[in-house]
Structure formats: C-alpha cells, structure tokens
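Undergrad: Residue numbers (this note's numbering): 196 to 252.
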Ligand code: SF4
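#1: Do residue 233 and residue 241 have their beta-carbon atoms positioned less than 8 Å apart in this structure?
#2: Is it buried or exposed for residue 201, if we count other Cβ within 10 angstroms and need 16 for buried?
#3: I need the straight-line Cα distance from residue 218 to residue 229, nearest angstrom please.
#4: Consult DSSP for residue 241 and reduce its assignment to one of helix, strand or coil.
#5: Roughly how many whole angstroms lie between the Cα atoms of residue 204 and residue 210?
Written as structure tokens, this is what we have:
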C-alpha cells in the first residue's frame, strides 16, 4: 500500500485510483486536472478527474 501524504485540499472517494490516500478519502497529488467528456457539460456527471489512474493497471 502507498503511504503518501494526503492533500487536505482535495477530498476524493475513488479508492480505485493509485493517487487515493487509502485509509482516508483524500487525494495525494499536489494538484489535479478536471475535465469533461461532453461537448456542453451541464451537470456534475459530465465532469471527470483526468488525473485518475486505475490501480489495477
Ligand atoms: S487523481 Fe483524481 S480520482 Fe485519483 S485520487 Fe486524486 S482526485 Fe481522486
């Protein structure tokens, strides 16, 4: 398991991501990139964390 320090400014519950803090719901990166897969994003489901990396890969 990874024990990097969490970033108190970025809360995240995506435990499948390699950047997740593990025991607490925070990201360990200094900064993250947020984007969209939509041409015209209108709701939160349209947004993506583009810094996500699948733990399984
Ligand atoms: S990179 Fe994105 S998805 Fe991964 S832990 Fe950080 S905020 Fe969550």
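Virtual Cβ for every residue (Gly too), placed ideally from N, Cα, C. Bear in mind the structure is a predicted one, so any value in this text is a computation, not a measurement.
TA: If we stick to the structure as given:
#1: Residue numbering aside, residue 241 sits at position 46 when the chain shown is read from its first letter. Residue numbering aside, residue 233 sits at position 38 when the chain shown is read from its first letter. Going by C-beta atoms, residue 241 is nearer than 8 Å to residue 233.
#2: One-based indexing of the chain shown puts residue 201 at position 6. The residue in question, residue 201, is buried, as its Cβ has 16 or more Cβ neighbours within 10 Å.
#3: Taking the chain shown and counting its residues from 1, the one referred to as residue 218 is at position 23. Taking the chain shown and counting its residues from 1, the one referred to as residue 229 is at position 34. Taking the straight line joining both Cα atoms gives about 23 Å.
#4: The residue given as residue 241 occupies position 46 in the chain shown. Helix, per DSSP.
#5: Here residue 204 refers to the residue found at position 9 of the chain shown. Here residue 210 refers to the residue found at position 15 of the chain shown. So the alpha carbons of these two residues sit roughly 17 Å apart.
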